[in-house]
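Peer 1:
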Amino acid sequence: MDVILDHSFGGINSSIPGIGGPQCVKFLPLWQRIAETFLLVPLAICGIIISSKNLEPFLLPISGKMLSSINESAVMFDDDKNLVRYCVLAFYCFIFGSEIVCKLVRRVFVFILNPCHIATTIQILILAIGITNHRMYYLFRFQMYLLPGALIGTILPSINSRVLFVEVLIYFIQHVAILIVPFFIVYVNGTFLLEPFQNFVWAVLSFSVILCYHFTILQIVGLITEANMGCVICPAMSDPFYGRFYRLATVIHQAILIPLITEVFSVCIKCVTDVTHLNNVIRKSKRLSERKK
4 MDVILDHSFG GINSSIPGIG GPQCVKFLPL WQRIAETFLL VPLAICGIII SSKNLEPFLL
64 PISGKMLSSI NESAVMFDDD KNLVRYCVLA FYCFIFGSEI VCKLVRRVFV FILNPCHIAT
124 TIQILILAIG ITNHRMYYLF RFQMYLLPGA LIGTILPSIN SRVLFVEVLI YFIQHVAILI
184 VPFFIVYVNG TFLLEPFQNF VWAVLSFSVI LCYHFTILQI VGLITEANMG CVICPAMSDP
244 FYGRFYRLAT VIHQAILIPL ITEVFSVCIK CVTDVTHLNN VIRKSKRLSE RKK
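Going by the numbering used here, the residue at position 183 of the sequence shown is 186; the numbering climbs one at a time, nothing skipped.
1. Count the other CB atoms within 10 Å of the CB of Asn117; is the residue buried (16 or more) or exposed (fewer)?
2. I'd like to confirm the pairing. Which residues does DSSP put opposite Ala230 in its beta bridges?
3. Where Leu197 and Phe145 are concerned, what is the direct C-alpha to C-alpha distance, given to the nearest angstrom?
4. How big is the Cα-Cα spacing for His324 and Gly233?
5. So, do the region 267–282 and the region 186–196 have three or more beta carbon pairs nearer to each other than 8 Å?
6. Contact defined as beta carbons within less than 8 Å: I believe Ile3 pairs with Gly23. What is the distance between those atoms, to the nearest angstrom?
7. Nearest CA to the CA of Arg110: which residue from Ile213, Gln35, Ala230?
8. Could one say the Cβ of Arg36 lies closer than 8 Å to chain D's Cβ atoms, at least one of them?
9. Taking C-alpha atoms, which residue in Gln222, Leu159, Trp205, Tyr95 lies nearest to Val28?
10. Between which two residues does the alpha helix (DSSP H) holding Asp5 run?
11. Would you decide whether Leu214 is buried or exposed? Buried here means 16 or more other CB atoms lie within 10 Å of its CB.
12. In terms of alpha-carbon separation, which member of Ile255, Glu170, Leu251 lies closest to Ile37?
13. What distance in whole Å lies between the Cβ atoms of Tyr174 and Ile162, which are believed to be in contact at a cut-off of 8 Å?
14. Are Cys96 and His178 closer than 8 Å when you measure CB to CB?
15. Helix, strand or coil for Glu102 per DSSP?
16. Where are the alpha helix (DSSP H) runs, 4 residues long or more, that stay fully inside the region 154–197, in chain order?
17. Please report the distance separating the alpha-carbon of His10 from that of Leu107.
18. The ligand NAD and Leu58: does any heavy atom of the ligand fall closer than 7 Å to the residue's C-beta?
19. Phe200 to Tyr148, Cα distance in whole Å?
20. Assuming contact is defined by CB atoms lying nearer than 8 Å, are Pro50 and Val204 in contact in what I supplied?
21. For the alpha helix (DSSP H) that Ile121 lies in, which residues bound it at each end?
22. Alpha carbon to alpha carbon, what distance is there between Phe99 and Cys105?
23. Under 7 Å Cβ to Cβ from Thr253, same chain only, skipping five residues before and after it: list those, please.
24. How many Å lie between Ile19 and Phe112 at the Cα?
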(Lines of atoms letter the chains of each structure in order from A; the text may use other names.)
(Lines give C-alpha, C1' and ligand atoms only; values in the text may rest on other atoms or scores of the structure.)
Protein backbone atom coordinates (compact mmCIF):
# COMPACT_ATOMS: atom_id res chain seq x y z
CA MET A 4 0.00 0.00 0.00
CA ASP A 5 2.86 2.36 0.83
CA VAL A 6 4.36 1.72 -2.61
CA ILE A 7 1.06 2.61 -4.32
CA LEU A 8 0.70 5.82 -2.32
CA ASP A 9 4.33 6.74 -2.95
CA HIS A 10 3.95 6.34 -6.72
CA SER A 11 0.68 8.28 -6.61
CA PHE A 12 1.88 11.50 -4.99
CA GLY A 13 5.26 10.86 -3.35
CA GLY A 14 7.15 12.77 -6.04
CA ILE A 15 5.24 16.06 -5.88
CA ASN A 16 7.82 18.85 -5.84
CA SER A 17 6.39 21.53 -3.56
CA SER A 18 9.28 23.87 -4.37
CA ILE A 19 7.78 24.49 -7.82
CA PRO A 20 4.98 27.10 -7.61
CA GLY A 21 1.53 25.89 -8.61
CA ILE A 22 2.33 22.17 -8.47
CA GLY A 23 1.26 21.44 -4.91
CA GLY A 24 2.57 21.05 -1.41
CA PRO A 25 1.69 22.54 2.00
CA GLN A 26 1.97 26.16 0.82
CA CYS A 27 -0.42 25.46 -2.03
CA VAL A 28 -2.98 23.98 0.37
CA LYS A 29 -2.62 26.98 2.69
CA PHE A 30 -3.19 29.46 -0.14
CA LEU A 31 -6.90 29.64 0.75
CA PRO A 32 -8.39 29.29 4.24
CA LEU A 33 -10.48 26.19 4.80
CA TRP A 34 -13.65 28.18 5.51
CA GLN A 35 -13.41 29.87 2.10
CA ARG A 36 -12.96 26.54 0.33
CA ILE A 37 -16.04 25.17 2.12
CA ALA A 38 -18.09 28.31 1.36
CA GLU A 39 -17.20 28.29 -2.34
CA THR A 40 -17.89 24.56 -2.55
CA PHE A 41 -21.32 24.86 -0.91
CA LEU A 42 -22.12 27.73 -3.28
CA LEU A 43 -20.96 26.22 -6.57
CA VAL A 44 -21.63 22.48 -6.21
CA PRO A 45 -25.40 22.86 -5.61
CA LEU A 46 -25.57 25.19 -8.64
CA ALA A 47 -23.72 22.58 -10.70
CA ILE A 48 -26.05 19.81 -9.53
CA CYS A 49 -29.09 21.92 -10.45
CA GLY A 50 -27.56 22.54 -13.88
CA ILE A 51 -27.03 18.80 -14.38
CA ILE A 52 -30.58 17.91 -13.35
CA ILE A 53 -32.29 20.60 -15.44
CA SER A 54 -30.18 20.14 -18.59
CA SER A 55 -30.29 16.32 -18.49
CA LYS A 56 -34.08 16.46 -18.66
CA ASN A 57 -33.89 18.46 -21.90
CA LEU A 58 -31.45 16.25 -23.82
CA GLU A 59 -32.63 15.25 -27.25
CA PRO A 60 -33.49 11.53 -27.51
CA PHE A 61 -31.07 9.16 -29.17
CA LEU A 62 -32.63 6.17 -30.90
CA LEU A 63 -30.99 2.74 -30.88
CA PRO A 64 -29.86 1.78 -33.41
CA ILE A 65 -29.09 5.07 -35.14
CA SER A 66 -32.25 6.22 -36.85
CA GLY A 67 -32.57 6.54 -40.58
CA LYS A 68 -32.79 10.29 -40.21
CA MET A 69 -29.35 10.36 -38.63
CA LEU A 70 -27.97 7.92 -41.15
CA SER A 71 -29.20 10.14 -43.97
CA SER A 72 -27.06 12.94 -42.57
CA ILE A 73 -23.96 10.79 -43.04
CA ASN A 74 -22.96 11.08 -46.66
CA GLU A 75 -21.49 7.92 -48.13
CA SER A 76 -18.48 9.91 -49.18
CA ALA A 77 -17.89 10.77 -45.52
CA VAL A 78 -16.08 7.52 -44.97
CA MET A 79 -12.36 8.07 -44.72
CA PHE A 80 -10.33 6.03 -47.17
CA ASP A 81 -13.52 4.03 -47.88
CA ASP A 82 -12.82 0.36 -47.06
CA ASP A 83 -9.70 1.25 -45.08
CA LYS A 84 -11.49 3.45 -42.54
CA ASN A 85 -11.22 0.85 -39.77
CA LEU A 86 -7.52 0.40 -40.45
CA VAL A 87 -6.97 4.15 -40.19
CA ARG A 88 -9.09 4.33 -37.03
CA TYR A 89 -7.09 1.55 -35.38
CA CYS A 90 -3.80 3.20 -36.39
CA VAL A 91 -4.94 6.48 -34.83
CA LEU A 92 -6.11 4.56 -31.76
CA ALA A 93 -2.80 2.70 -31.44
CA PHE A 94 -0.77 5.92 -31.72
CA TYR A 95 -3.03 7.68 -29.21
CA CYS A 96 -2.76 4.79 -26.75
CA PHE A 97 1.02 4.84 -27.13
CA ILE A 98 1.17 8.56 -26.30
CA PHE A 99 -1.19 8.22 -23.35
CA GLY A 100 0.64 5.12 -22.14
CA SER A 101 3.92 7.02 -22.29
CA GLU A 102 2.38 9.81 -20.20
CA ILE A 103 1.21 7.26 -17.61
CA VAL A 104 4.69 5.72 -17.45
CA CYS A 105 6.26 9.16 -16.95
CA LYS A 106 3.87 9.89 -14.09
CA LEU A 107 4.61 6.55 -12.45
CA VAL A 108 8.36 7.06 -12.80
CA ARG A 109 8.15 10.58 -11.33
CA ARG A 110 5.75 9.30 -8.64
CA VAL A 111 2.96 11.77 -9.47
CA PHE A 112 0.35 9.36 -10.83
CA VAL A 113 -2.43 11.25 -9.01
CA PHE A 114 -2.25 13.91 -11.74
CA ILE A 115 -3.86 11.39 -14.09
CA LEU A 116 -7.13 12.81 -12.74
CA ASN A 117 -6.49 16.10 -14.56
CA PRO A 118 -9.30 17.00 -17.03
CA CYS A 119 -7.05 16.67 -20.10
CA HIS A 120 -6.34 13.04 -19.22
CA ILE A 121 -10.08 12.47 -18.79
CA ALA A 122 -10.58 13.91 -22.28
CA THR A 123 -7.92 11.57 -23.68
CA THR A 124 -9.52 8.55 -21.99
CA ILE A 125 -12.94 9.42 -23.41
CA GLN A 126 -11.56 9.92 -26.91
CA ILE A 127 -9.69 6.61 -26.79
CA LEU A 128 -12.90 4.91 -25.70
CA ILE A 129 -14.83 6.48 -28.59
CA LEU A 130 -12.15 5.48 -31.10
CA ALA A 131 -12.11 1.91 -29.77
CA ILE A 132 -15.87 1.36 -29.59
CA GLY A 133 -17.18 3.84 -32.13
CA ILE A 134 -20.44 5.80 -31.99
CA THR A 135 -22.62 2.71 -31.67
CA ASN A 136 -25.00 3.73 -28.89
CA HIS A 137 -26.31 6.71 -26.96
CA ARG A 138 -23.55 6.45 -24.34
CA MET A 139 -20.79 7.00 -26.89
CA TYR A 140 -22.87 9.75 -28.50
CA TYR A 141 -23.25 11.54 -25.17
CA LEU A 142 -19.58 11.04 -24.33
CA PHE A 143 -18.60 12.69 -27.61
CA ARG A 144 -20.85 15.66 -26.90
CA PHE A 145 -19.35 16.00 -23.42
CA GLN A 146 -15.71 15.73 -24.48
CA MET A 147 -16.22 18.62 -26.89
CA TYR A 148 -16.46 20.86 -23.83
CA LEU A 149 -13.09 19.58 -22.60
CA LEU A 150 -11.36 20.91 -25.72
CA PRO A 151 -11.08 24.51 -24.43
CA GLY A 152 -9.00 23.24 -21.51
CA ALA A 153 -6.66 21.42 -23.89
CA LEU A 154 -6.39 24.54 -26.04
CA ILE A 155 -5.51 26.68 -23.02
CA GLY A 156 -3.03 24.01 -21.91
CA THR A 157 -1.38 24.19 -25.34
CA ILE A 158 -1.20 27.99 -25.45
CA LEU A 159 -0.23 28.37 -21.78
CA PRO A 160 1.57 25.09 -21.04
CA SER A 161 2.20 23.97 -17.48
CA ILE A 162 5.51 22.19 -17.98
CA ASN A 163 7.69 23.65 -15.23
CA SER A 164 7.63 20.31 -13.38
CA ARG A 165 8.68 18.27 -16.43
CA VAL A 166 12.43 17.73 -16.34
CA LEU A 167 13.05 15.54 -19.39
CA PHE A 168 12.54 16.69 -22.98
CA VAL A 169 10.47 13.59 -23.74
CA GLU A 170 8.01 14.58 -21.00
CA VAL A 171 7.53 18.01 -22.59
CA LEU A 172 7.17 16.42 -26.03
CA ILE A 173 4.53 13.97 -24.81
CA TYR A 174 2.67 16.83 -23.12
CA PHE A 175 2.33 18.81 -26.36
CA ILE A 176 1.59 15.77 -28.54
CA GLN A 177 -1.19 14.68 -26.20
CA HIS A 178 -2.78 18.14 -26.01
CA VAL A 179 -2.63 18.62 -29.78
CA ALA A 180 -4.12 15.13 -30.25
CA ILE A 181 -7.03 16.05 -27.96
CA LEU A 182 -7.80 18.95 -30.32
CA ILE A 183 -7.40 16.97 -33.56
CA VAL A 184 -9.09 13.64 -32.77
CA PRO A 185 -12.66 15.10 -32.73
CA PHE A 186 -12.13 16.17 -36.36
CA PHE A 187 -11.35 12.56 -37.26
CA ILE A 188 -14.28 11.16 -35.26
CA VAL A 189 -16.78 13.50 -36.94
CA TYR A 190 -15.24 12.87 -40.36
CA VAL A 191 -15.76 9.13 -39.99
CA ASN A 192 -19.15 9.13 -38.25
CA GLY A 193 -20.92 12.22 -39.59
CA THR A 194 -21.73 15.80 -38.57
CA PHE A 195 -24.87 14.71 -36.71
CA LEU A 196 -22.54 14.29 -33.72
CA LEU A 197 -22.12 18.04 -33.41
CA GLU A 198 -24.49 20.03 -31.25
CA PRO A 199 -26.76 22.55 -33.07
CA PHE A 200 -25.45 26.09 -32.70
CA GLN A 201 -28.63 27.37 -31.04
CA ASN A 202 -28.76 24.51 -28.50
CA PHE A 203 -27.19 25.31 -25.12
CA VAL A 204 -28.37 22.22 -23.24
CA TRP A 205 -25.05 20.43 -23.59
CA ALA A 206 -23.16 23.59 -22.68
CA VAL A 207 -25.01 23.80 -19.36
CA LEU A 208 -24.72 20.06 -18.68
CA SER A 209 -21.04 19.76 -19.56
CA PHE A 210 -19.95 22.88 -17.68
CA SER A 211 -21.96 21.75 -14.64
CA VAL A 212 -20.27 18.34 -14.70
CA ILE A 213 -16.82 19.94 -15.09
CA LEU A 214 -17.55 22.35 -12.24
CA CYS A 215 -18.80 19.57 -9.98
CA TYR A 216 -15.77 17.40 -10.83
CA HIS A 217 -13.33 20.16 -9.89
CA PHE A 218 -14.95 21.13 -6.60
CA THR A 219 -15.60 17.58 -5.41
CA ILE A 220 -13.19 14.92 -6.70
CA LEU A 221 -10.22 17.12 -7.63
CA GLN A 222 -10.53 19.31 -4.55
CA ILE A 223 -10.93 16.44 -2.08
CA VAL A 224 -8.11 14.36 -3.58
CA GLY A 225 -5.98 17.49 -3.95
CA LEU A 226 -6.34 18.48 -0.30
CA ILE A 227 -5.49 14.94 0.82
CA THR A 228 -2.49 14.47 -1.48
CA GLU A 229 -1.45 18.16 -1.70
CA ALA A 230 -1.55 17.86 -5.50
CA ASN A 231 -2.81 20.92 -7.36
CA MET A 232 -4.91 19.21 -10.02
CA GLY A 233 -6.85 21.52 -12.31
CA CYS A 234 -5.48 24.46 -10.29
CA VAL A 235 -8.34 23.98 -7.84
CA ILE A 236 -6.08 24.03 -4.74
CA CYS A 237 -4.00 27.09 -5.65
CA PRO A 238 -3.60 29.24 -8.78
CA ALA A 239 -0.90 28.82 -11.37
CA MET A 240 1.76 31.51 -11.39
CA SER A 241 0.59 32.59 -14.86
CA ASP A 242 -3.05 32.90 -13.77
CA PRO A 243 -4.25 36.43 -14.72
CA PHE A 244 -6.70 36.28 -11.78
CA TYR A 245 -4.03 35.29 -9.27
CA GLY A 246 -5.35 36.10 -5.81
CA ARG A 247 -7.64 34.96 -3.06
CA PHE A 248 -10.78 34.90 -5.22
CA TYR A 249 -9.16 33.35 -8.29
CA ARG A 250 -11.52 30.33 -8.23
CA LEU A 251 -14.67 32.44 -8.44
CA ALA A 252 -13.12 34.55 -11.20
CA THR A 253 -12.16 31.38 -13.08
CA VAL A 254 -15.67 29.94 -12.83
CA ILE A 255 -17.16 33.15 -14.24
CA HIS A 256 -14.85 33.54 -17.23
CA GLN A 257 -14.81 29.80 -17.99
CA ALA A 258 -18.62 29.77 -18.00
CA ILE A 259 -18.34 32.16 -20.94
CA LEU A 260 -15.21 30.86 -22.66
CA ILE A 261 -15.92 27.11 -22.59
CA PRO A 262 -19.23 27.25 -24.54
CA LEU A 263 -17.84 29.93 -26.88
CA ILE A 264 -14.63 28.05 -27.73
CA THR A 265 -16.56 24.79 -28.10
CA GLU A 266 -18.93 26.41 -30.60
CA VAL A 267 -15.94 27.68 -32.58
CA PHE A 268 -14.49 24.16 -32.61
CA SER A 269 -17.83 22.74 -33.77
CA VAL A 270 -18.02 25.23 -36.65
CA CYS A 271 -14.40 24.49 -37.65
CA ILE A 272 -14.97 20.73 -37.52
CA LYS A 273 -18.13 21.00 -39.64
CA CYS A 274 -16.43 23.24 -42.22
CA VAL A 275 -13.36 21.02 -42.52
CA THR A 276 -15.52 17.89 -42.73
CA ASP A 277 -17.83 19.35 -45.39
CA VAL A 278 -14.93 20.60 -47.51
CA THR A 279 -13.15 17.25 -47.28
CA HIS A 280 -16.32 15.36 -48.18
CA LEU A 281 -16.87 17.66 -51.16
CA ASN A 282 -13.33 16.99 -52.38
CA ASN A 283 -13.96 13.25 -52.06
CA VAL A 284 -17.14 13.54 -54.13
CA ILE A 285 -15.29 15.49 -56.84
CA ARG A 286 -12.50 12.91 -56.93
CA LYS A 287 -14.97 10.04 -57.18
CA SER A 288 -16.91 11.74 -59.96
CA LYS A 289 -13.67 12.30 -61.90
CA ARG A 290 -12.71 8.63 -61.50
CA LEU A 291 -16.12 7.50 -62.73
CA SER A 292 -15.96 9.81 -65.74
CA GLU A 293 -12.46 8.54 -66.60
CA ARG A 294 -13.64 4.92 -66.38
CA LYS A 295 -16.54 5.62 -68.72
CA LYS A 296 -14.15 7.11 -71.26
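Positions of the beta carbon are idealized from the N, C-alpha and C atoms, including for glycine. Keep in mind that this is a model prediction, so the values were computed, not measured.
Peer 2: According to the data block:
1. Counting from one through the sequence shown, the residue named residue 117 turns up at place 114. Answer is buried; the Cβ neighbour count reaches 16.
2. Numbered from 1 along the sequence shown, position 227 holds the residue referred to as residue 230. Paired residue(s): Gly23.
3. Walking along the sequence shown from the start, residue 197 turns up at place 194. Walking along the sequence shown from the start, residue 145 turns up at place 142. Computed Cα separation, rounded: 11 Å.
4. The structure shown does not extend to residue 324, since the chain is modelled only from 4 through 296, so no value can be given for it.
5. yes
6. An answer regarding residue 3 cannot be provided, because it is not within the stretch 4 to 296 covered by the chain.
7. Residue mapping note: residue 110 aligns to position 107 of the sequence shown, counting from 1. Checking every option, the nearest Cα to that of Arg110 belongs to Ala230.
8. This model lacks chain D altogether, as it is built from one protein chain only.
9. Here the question's residue 28 lines up with position 25 in the sequence shown. Among Gln222, Leu159, Trp205, Tyr95, the Cα nearest to that of Val28 belongs to Gln222.
10. In the sequence shown, the residue the question calls residue 5 occupies position 2. Its alpha helix (DSSP H) spans residues 5–12.
11. Locating residue 214 in the sequence shown gives position 211, counting from the first residue. That one is buried.
12. Position 34 of the sequence shown, counted from the first residue, corresponds to residue 37. That would be Leu251, whose Cα lies nearest to the Cα of Ile37.
13. On the sequence shown, residue 162 is found 159 positions in, with the first residue counted as 1. On the sequence shown, residue 174 is found 171 positions in, with the first residue counted as 1. About 6 Å; that satisfies the 8 Å criterion.
14. The sequence position of residue 96 within the sequence shown is 93, counting from 1. The sequence position of residue 178 within the sequence shown is 175, counting from 1. For Cys96 and His178, no; Cβs fall outside 8 Å.
15. In the sequence shown, counting from the first residue as 1, residue 102 sits at position 99. Helix, per DSSP.
16. 168–192
17. Locating residue 10 in the sequence shown gives position 7, counting from the first residue. Locating residue 107 in the sequence shown gives position 104, counting from the first residue. Between His10 and Leu107, the C-alpha separation is close to 6 Å.
18. This structure lacks the ligand NAD; in fact it carries no ligand of any kind.
19. Locating residue 200 in the sequence shown gives position 197, where the first residue counts as 1. Locating residue 148 in the sequence shown gives position 145, where the first residue counts as 1. Rounded to the nearest angstrom, the two C-alpha atoms are 14 Å apart.
20. The residue you call residue 50 lines up with position 47 of the sequence shown. The residue you call residue 204 lines up with position 201 of the sequence shown. Note on residue identity: the sequence assigns Gly, not Pro, to residue 50. No; because the gap between Cβ atoms is not below 8 Å, this pair is not in contact.
21. Along the sequence shown, read from residue 1 onward, the residue named residue 121 stands at position 118. Counting along the chain, the alpha helix (DSSP H) containing Ile121 begins and ends at 118–132.
22. Working through the sequence shown from its first residue, we reach residue 105 at position 102. Working through the sequence shown from its first residue, we reach residue 99 at position 96. Distance between the alpha carbons of Cys105 and Phe99: 10 Å.
23. Taking the sequence shown and counting its residues from 1, one reaches residue 253 at position 250. Cβ within range, chain order: Phe244.
24. Here residue 19 refers to the residue found at position 16 of the sequence shown. Here residue 112 refers to the residue found at position 109 of the sequence shown. Answer to the nearest angstrom: the Cα atoms are 17 Å apart.
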